[in-house]
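Taking the working numbering, the leading residue of the sequence shown gets 1083, the next gets one more, and so forth. Even glycine gets a Cβ: it sits at the ideal position worked out from N, Cα and C. First the structure, in the form of structure tokens, and then the observations on it.
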Amino acid sequence: MATNTKDSTCLPLQEIIVFNTKTAQAIELVVLSLLLSILAYRVVYFKDQDQYIPWLLAFLCESWFTFNWILSMNLKWNQCIMKTYPDRLLKRVSESEFPAVDIFVTTADPILEPPIITMNTLLSLLAVDYPANKLALYLSDDGCSPLTFYSLVETTEFAKLWVPFCKKYDVQVRAPFQYFNSTCTPLEDDSSEFQQEWKRMKNEYGNLYKKIDLAAQRPIHCDHDSDFGVFCGVHRSDHPTIIKVISENKEHISTNLPHVIYISREKRTKHQHHYKAGAMNVLTRVSGVMTNAPLMLNVDCDMYANNPQVFLHAMCMVFGIKDEENCAFYQFPQAFYDGLKDDPFGNQLANLYHAANGISSIQGTFYAGSNCFHRRKVIYGSSPNDTIKSDNISNEELHKIFGKSTKLRESVVRILSESNSKIESRSSLSNLIEAAMHVASCRYEYRTSWGTQVGWLYGSATEDVLTGLGIHGRGWRSSITSPEPLAFMGCAALTYPSSLTQQKRWATGFFEILFTDKNPLLLTIKGKLLFRQALGYLWLCLWAVRSVPELCYASLPTYCIITGTHFLPKVNEGALLLFMGVFVIYNLYILWEYKRVGLSLRMWWNLQRMGRVNTVTAWLFAFLSVIIKLTGLSDTVFDVTQKEHSSNDSGNENAGRFTFDNSPMVVPGVVILLVNMIALVNGMLRLLKVDYRQNWVGAFELGLGEMFCSFWVLLYLLEFLKGLFGNGRYGIPLSTIWKSGAFALLFVQLCRRSSQSF
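If you want it as structure tokens, here you go:
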């Protein structure tokens, strides 16, 4: 079923595809009824227990699981996705009517985020199918690296050849490192002209790659008389603002390139810089002064444009959505070109497919931090149906909200009043650098509303979700579409330590949101956030909290086996069917969900396994770090995930194999592994002592259900078990094993003492 948003006499630019979820809803209700029955069972039989501690802990954990299941049901209950038709766009809208777009690309570290990856992203964006005179590309370099600047200059020169080549021959993949991979060569029936041009472009890209690679291997000389003079004596955390116009699309000069501007915002050691959110706000202000496009696209440095028509897909939503003024941003999903087969680390987001489609049917998708087109007026704090005129905005009010820059305030008025969004014609962007440097200073935001009411919001390591939540809280909606081929492709974390870092940052940021004024439940009461949308955000924000009941539930079987108690019904009790039913139906349901979107059985297992592992490792540390922050003992740190310039090598037998470092996040996983191994050995020894010829029924009293749970936990932690006996980077460090062993022995001892006290 589809809902058209245009007159029936013409074909729509986009349509909403609504999925039939009746079968899934029925299964989810069955699981919910079983969970509620288990809770009722806990309450009814609580008074019959000899030891109430395991029974009470089980009840609390299962209450949490039930609550989390309700949040998940709400998120996935109705599902839809938007389909766009860029081939119809030009038949209805002329290019002159297309809005201008400012493109923001952010990078923070040339080591963790190699410049060649960033440059491929830039090249793919410079070559998109969209009028070049309506685009401006801003690269934010938070590492203040002369290597990044040098790479951008060289890349812009190569782009003067690359962009015309792509558009002349309608190249579909416009990131050179993907286009010139080993499997892509000209066909024999291609014209000789194309074959010669192809070889020339490949050689030119090879030269660019070598230049950047050589520059990365040796220091760049910063001569005071050259363009690199501004980098002399700077430190990445203490330097003035650097803004360079690398390329300019002037009206009187024919060029195929958009504006290209390099920015490294001012940083001082005594000033808070707010990580990526701060960089995005500087980009917003600088672009407001220089180009002031009504739409802004932000892209992570590793997310290249995989579909050259991505801007046209976005315009289908801009021009095609009914009441488009109520749509704040247009999101494209994240996908990965180098993802390891079957996602062994569970970080490729395939398991969020149904969640993304589900939230789209409520108030709109979450803002995912990349691949997103924003309306500038929304980032400036406007609400739906605002009718603001230029003469109604007082200069004093603008000063308090947006700061002291006169030129920025002028551009804000143009955007909010929806008058001509472009700044009057200038002879050169270079004339605006001084004004742009003013709004990029680290002191500019003092006593303004940047980061609190306007711009990207501060207060969370996941500034994207917090900002999107604030936008939805003002009553805006959002849209998501996933065209074919996929709009953007990026780098996935290729090692387990990198995946842990990424998971911890996500869970930390989500949890921090609960302690801001953008708490989703507060925005439902005081703002315009729909209740079901608030529950969807709450599901995200509670990722870190889930670590506590998950850790407790994974430890319960061990406690019961060691102490001779139980938290599950005995084998000969009918209530055991409730637990077996939840276990079987839930796992089969998730497998069916994944199969519907084309995921393999192996990926299902990996995602299920890593869901438990990440919860009791990375998410647990996220929970602890936020608690420590709230006590004032420490602050959370924004960790940049390592980007690796490599593709998936299916022939590498070690691809996807777990590696370990000295990270303390591994310790809880090893502790749970060890205590469950101890419990299983303990339980097996008891089973061996049973005289089955005389009293085989006695085996029922020995906690077979708890032993099965311990065995299931060991299956989840099988990679940790391999790590105990691995060598080199494939083995868990000896110091980690010793620490974990000490904690495991302490836990076992506490279990034994607690059993003696009853």
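Residue i: first and last residue of the uninterrupted alpha helix (DSSP H) it sits in
| i | result |
| --- | --- |
| residue 1143 | 1134 to 1158 |
| residue 1106 | 1104 to 1126 |
| residue 1401 | 1392 to 1402 |
| residue 1642 | 1629 to 1645 |
| residue 1367 | 1357 to 1372 |
| residue 1554 | 1545 to 1555 |
| residue 1348 | Unbroken run through residue 1348: none, as it is neither H nor E. |
| residue 1672 | 1658 to 1678 |
| residue 1688 | 1683 to 1698 |
| residue 1494 | 1488 to 1498 |
| residue 1450 | Careful: residue 1450 lies outside any alpha helix (DSSP H) and carries neither H nor E. |
| residue 1250 | 1228 to 1250 |
| residue 1791 | 1786 to 1798 |
| residue 1746 | Per DSSP, residue 1746 belongs to no alpha helix (DSSP H) and is neither H nor E. |
| residue 1598 | Premise fails: residue 1598 is in no alpha helix (DSSP H) and is neither H nor E. |
| residue 1739 | Note, residue 1739: premise wrong, no alpha helix (DSSP H); not H, not E. |
| residue 1437 | 1435 to 1442 |
| residue 1282 | 1274 to 1299 |
Residues that DSSP places opposite residue i in a beta bridge
| i | result |
| --- | --- |
| residue 1218 | 1184 and 1341 |
| residue 1386 | 1571 |
| residue 1165 | 1097 |
| residue 1563 | 1164 |
| residue 1455 | 1379 and 1412 |
| residue 1329 | 1342 |
| residue 1063 | Lying before the first or after the last residue shown, residue 1063 is absent from the chain, which here runs from 1083 to 1840. |
| residue 1189 | 1223 |
| residue 1198 | In DSSP, residue 1198 forms no bridge with anything. |
| residue 1418 | 1572 |
Any non-hydrogen atom of the ligand MN within 8 Å of residue i CB
| i | result |
| --- | --- |
| residue 1415 | Of the ligands one can find in the structure shown there are none, so the ligand MN has no counterpart to examine. |
Check whether residue i and residue j have beta carbons under 9 Å apart
| i | j | result |
| --- | --- | --- |
| residue 1387 | residue 1207 | yes |
| residue 1520 | residue 1611 | no |
| residue 1823 | residue 1789 | no |
| residue 1493 | residue 1370 | yes |
| residue 1220 | residue 1368 | yes |
| residue 1149 | residue 1226 | no |
| residue 1200 | residue 1230 | yes |
| residue 1362 | residue 1537 | yes |
| residue 1136 | residue 1647 | yes |
| residue 1427 | residue 1454 | no |
| residue 1605 | residue 1153 | no |
| residue 1280 | residue 1258 | no |
| residue 1342 | residue 1570 | no |
| residue 1378 | residue 1175 | no |
| residue 1758 | residue 1715 | no |
| residue 1205 | residue 1256 | yes |
| residue 1442 | residue 1161 | yes |
Minimum C-alpha distance to residue i - residue among the options
| i | options | result |
| --- | --- | --- |
| residue 1275 | 1247, 1140 and 1294 | 1247 |
| residue 1592 | 1537, 1451 and 1517 | 1451 |
| residue 1754 | 1411, 1559, 1801 and 1710 | 1801 |
| residue 1217 | 1223, 1186, 1233 and 1190 | 1186 |
| residue 1806 | 1749, 1763 and 1785 | 1749 |
| residue 1640 | 1319, 1162 and 1827 | 1827 |
| residue 1548 | 1598, 1415, 1439 and 1172 | 1598 |
| residue 1705 | 1761, 1328, 1161 and 1630 | 1630 |
| residue 1241 | 1834, 1688, 1426 and 1284 | 1284 |
| residue 1305 | 1714, 1315, 1278 and 1702 | 1315 |
| residue 1447 | 1110, 1438 and 1453 | 1438 |
| residue 1360 | 1524, 1821 and 1578 | 1524 |
| residue 1188 | 1223, 1199 and 1203 | 1223 |
| residue 1365 | 1323, 1659 and 1481 | 1323 |
| residue 1431 | 1423, 1443 and 1418 | 1418 |
| residue 1645 | 1526, 1762 and 1344 | 1762 |
| residue 1663 | 1346, 1115, 1278 and 1530 | 1115 |
| residue 1297 | 1233, 1542 and 1415 | 1233 |
| residue 1107 | 1614, 1292 and 1158 | 1158 |
| residue 1808 | 1740, 1528, 1745 and 1683 | 1740 |
Limits of the unbroken beta strand (DSSP E) element including residue i
| i | result |
| --- | --- |
| residue 1484 | Here residue 1484 belongs to no beta strand (DSSP E); instead the alpha helix (DSSP H) covers 1477 to 1484. |
Assumed close pair residue i, residue j - CB separation to whole angstroms, cut-off 8 Å
| i | j | result |
| --- | --- | --- |
| residue 1197 | residue 1294 | 6 Å |
| residue 1602 | residue 1623 | 7 Å |
| residue 1436 | residue 1563 | Contact doesn't hold; Cβ gap of about 16 Å is too wide. |
| residue 1626 | residue 1589 | 4 Å |
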